[in-house]
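Undergrad: Chains as they are written, first to last, in my numbering: chain H, 3 to 415; chain L, 13 to 378.
Idealized CB from N, CA, C, for every residue including glycine.
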């Protein structure tokens, strides 16, 4: 019989908040939240410290709500570049134990340490050593150790902060089955709603429900839910090299003020397209489709797609197509609050490409070359060494992007 | 209405007009055939928003009249009838009786007044084209038209009249086929062009048997009249971009190869290209009087070599195999000429015996 895998799920505790304290040790021990700038309409709680948690502050609270719950709450702006850097460092640390590390978001990872036991000891040993190593870095993790990914993830939720929980074939019924069903991955709000109606409130009830009924309710995913609840999650931890290739490259932004005119929107599209195009170039991709997603002030959103034929990736192409979509589908009866661009159906840029009459391929290739050269210039002489003049105008882009792609500090009112 | 005719006559007319009818049309009369009996003729008419077809058959009319019957049921019944004289009898305005020997069927009819009159020609281009020329030009160009409804204009064929010359162009933007023929036209100075769906052009060329086709084109509608059939077709909106501009005038490499050999080789090599990607790429290498075609994929590798008459430089280029083999549907001659002007430039394929045909195909960038 094949022996069980040993899978660890490592979850950085209160990652953003702890990272902030690491940078500013004087904040340690204070109730603290990481929060966007309310002036730019990002005023929601992204993360909170253990101390703030005690006051009932929740991720997703609007800042004033959090302040009501916890007077004297300290707020810190997010520092995404720092989070990314820290997250990469921690992942490197995990990789010293196994090459099978699958990141899930910025602060979670699965590790398959089945093959590492003879080097580093049991799953529990490895988990405890990892916790100590992360602590040395000024952060803490909670680790779930189990025989599959779902249970490991559930396990890491049980002892916070800085704890190891072992979920075995003997104890999963007592430890995990009493948990509310929506603690399990894949059970979102709507799935939970359906399960509630059938009296399924806990993971244990889900595990003991009829798989046939679940399949009727949710299709193929119903069967999977049942399997997961019963510990039959066979999915491997995807090592760094085997992680599925990017399927799309997108960038969105909530504007600092609602966009009222096409001209303003075009400027934002240029801003987004530059970033998407740069990432396509970095990944050596060409896009065969483009989506434009518009969010209204009432937060409702609409999404539109068009094919890119022939495939391309220049920012100019993305802007041309996105602005055509915008013109076709938006009449400016309502302003736009947020915009995002997503380049999809990606292919590698060495894929043979059927040439097209009147497709403007020469022009597109020239644009791509030009943009690749401006990438290099920015790299050598700084992000604001060369940029579109239109981006100098008052642009409804949050501060954190200043200095990036020539959004000049102080260019906004 | 009371007429008697043969099954064959009915089938001929139904087949002709049915091409215009969409049985699923949400406008009920567009799923119907109109029958109108007068002066020893029955006129069958089928129409939809973009096309109308009228077919006349000579019959013995005992009583004139007209009606509207559902195309699908009428055609299904007639097709199943034995080959004997058939009588259509509109005894009351709500039902038509189909009778043969001692059997009969009744079909519910619709209000014939609702059926819109077909448009009539008000003036514009007006010429005659021999059926043979029409069939040839449509065959030479329609295969290159696009099937992608997103680029609606390229699902059409461009017809360009320049005095006594008629040119047809079909393209899906990856390749382009052009053919030219002569027409009979009164106004030798007449110039004009229109684009109609390639499918309808194909239909016209299928329906026409012999003689010549009378074509009249006004701004939004083109009329085809031949034998006992009249077709009107709405033109596709939009224009072809300048196609003459994309035809290279100078070549760095010209080869002449045997049509059949080249086609078979390209088809075999394309077997190795299929799984690569949608571009179905085969690589062509022209060097020292030999053409080598190869492709490599997960399946394996294939290579063919053949002797060709080469003038100009050696050259490597890649094409979608289907675009190369497609042209042999219309090149009938033993030889084919390929003119190339660079790795990323359009290639031209021609039949050395046929001056009035040209096929342009864009390469694959590898």
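1) Measuring only from the beta carbon, is residue 332 of chain L closer than 7 Å to any heavy atom that is part of the ligand MN?
2) Name the residue from H:250, H:152 and H:212 whose alpha carbon lies nearest to the alpha carbon of residue 10 of chain H.
3) Would the beta-carbon of residue 416 of chain H fall within 8 Å of that of residue 13 of chain H?
4) Using only alpha-carbon positions, find the residue among L:277, L:249 and L:42 that is nearest to residue 306 of chain L.
5) Determine, using beta carbons only, whether residue 332 of chain L comes closer than 8 Å to chain H.
6) CB-CB under 7 Å to residue 2 of chain L, same chain, minus the five flanking residues each way: which ones, in chain order?
7) Could you confirm whether any beta carbon from chain H is found closer than 8 Å to the beta carbon of residue 258 of chain L?
8) What is the rounded straight-line gap between the Cα of residue 230 of chain L and the Cα of residue 135 of chain L?
9) Under 8 Å, do residue 224 of chain H and residue 217 of chain H count as touching if we go by C-beta distance?
10) Against chain H, does residue 377 of chain L count as a neighbour if the rule is that its beta carbon must be under 8 Å from one of theirs?
11) Per DSSP, which one or two residues make a beta bridge with residue 361 of chain H?
12) Could you list which residues in chain H have their beta carbon closer than 8 Å to that of residue 291 of chain L, in chain order?
13) Against chain L, with Cβ distances strictly below 8 Å, would residue 112 of chain H count as a contact?
14) Is the beta carbon of residue 13 of chain L sitting closer than 8 Å to the one on residue 92 of chain L?
15) Along chain L, in chain order, which residues have C-beta atoms closer than 7 Å to that of residue 361 of chain H?
16) State the Cα-Cα distance for the pair residue 109 of chain H and residue 24 of chain H, rounded to the nearest angstrom.
17) Enumerated in chain order, which unbroken segments of the alpha helix (DSSP H) with a length of 4 residues or greater are wholly contained in the segment 92-158 of chain H?
18) Could you name the residues of the segment 354-371 of chain L whose beta carbon sits closer than 8 Å to any beta carbon of chain H, in the order they occur along the chain?
19) Taking the alpha-carbon positions, what's the residue 415 of chain H to residue 387 of chain H distance?
20) Residue 306 of chain H: which of H:314, H:317, H:293 and H:313 sits nearest, CA to CA?
21) Please confirm whether residue 374 of chain L has its beta-carbon closer than 8 Å to some beta-carbon of chain H.
22) Express the C-alpha separation of residue 64 of chain L and residue 235 of chain L in angstroms, rounding to a whole number.
23) Does the Cβ-Cβ distance between residue 49 of chain H and residue 16 of chain H come in under 8 Å?
24) Would you say residue 248 of chain L faces chain H, with C-beta separation under 8 Å as the test?
25) What number of angstroms, rounded off, separates the C-alpha of residue 228 of chain L from the C-alpha of residue 259 of chain L?
26) So which of H:289, H:148, H:226 and H:370 has the shortest CA-CA distance to residue 309 of chain H?
27) Name, please, each residue of chain H whose Cβ falls closer than 7 Å to the Cβ of residue 188 of chain L.
28) Just mark residue 272 of chain H as buried or exposed, buried being the case when its beta carbon has 16 or more other beta carbons within 10 Å.
29) Taking only three categories from DSSP, how would you classify residue 184 of chain H?
30) Pull the bridge partners of residue 371 of chain L from the DSSP assignment, please.
31) Just the Cα atoms here: how many angstroms apart are residue 367 of chain H and residue 316 of chain H?
32) Cα-Cα, which of H:129, H:87 and H:172 is closest to residue 233 of chain H?
33) Are the CB atoms of residue 283 of chain L and residue 314 of chain L nearer to each other than 8 Å?
34) Indicate the three-state DSSP secondary structure (helix, strand or coil) for residue 397 of chain H in the structure shown.
35) Mind checking if residue 70 of chain L is an interface residue toward chain H, Cβ cutoff 8 Å exclusive?
36) On the criterion of 16 or more Cβ atoms from any shown chain inside 10 Å, does residue 291 of chain L qualify as buried, or is it exposed?
TA: In short:
1) The model on display carries no ligand, and the ligand MN is accordingly not part of it.
2) H:152
3) Any answer about residue 416 of chain H is impossible in this case: the structure gives chain H only from 3 up to 415.
4) Closest by alpha carbon: L:277.
5) yes
6) No information on residue 2 of chain L is available, as it lies outside the stretch 13 to 378 that chain L covers here.
7) yes
8) So the alpha carbons of these two residues sit roughly 6 Å apart.
9) yes
10) yes
11) Answer is none; residue 361 of chain H lacks a bridge partner.
12) 353, 354, 355 and 356
13) no
14) no
15) 185
16) 15 Å
17) 119-122, 125-138 and 151-158
18) 356 and 358
19) Confidence at residue 415 of chain H is low in this model, with a pLDDT of 25, below 50, so the placement of that residue should be treated as unreliable; the coordinate-derived value is given next. The alpha-carbon atoms of residue 415 of chain H and residue 387 of chain H are separated by roughly 22 Å.
20) H:293
21) At least one chain H Cβ lies under 8 Å of residue 374 of chain L.
22) 9 Å
23) yes
24) With respect to chain H, the C-beta atom of residue 248 of chain L has no partner C-beta closer than 8 Å.
25) 29 Å
26) H:289
27) In chain order: 359.
28) Classification of residue 272 of chain H: buried, given that the 10 Å Cβ count is 16 or more.
29) helix
30) According to DSSP, which records beta bridges pairwise, residue 371 of chain L is partnered with L:189 and L:361.
31) 8 Å
32) H:172
33) yes
34) Here DSSP, grouped into helix, strand and coil, assigns residue 397 of chain H to coil.
35) no
36) buried
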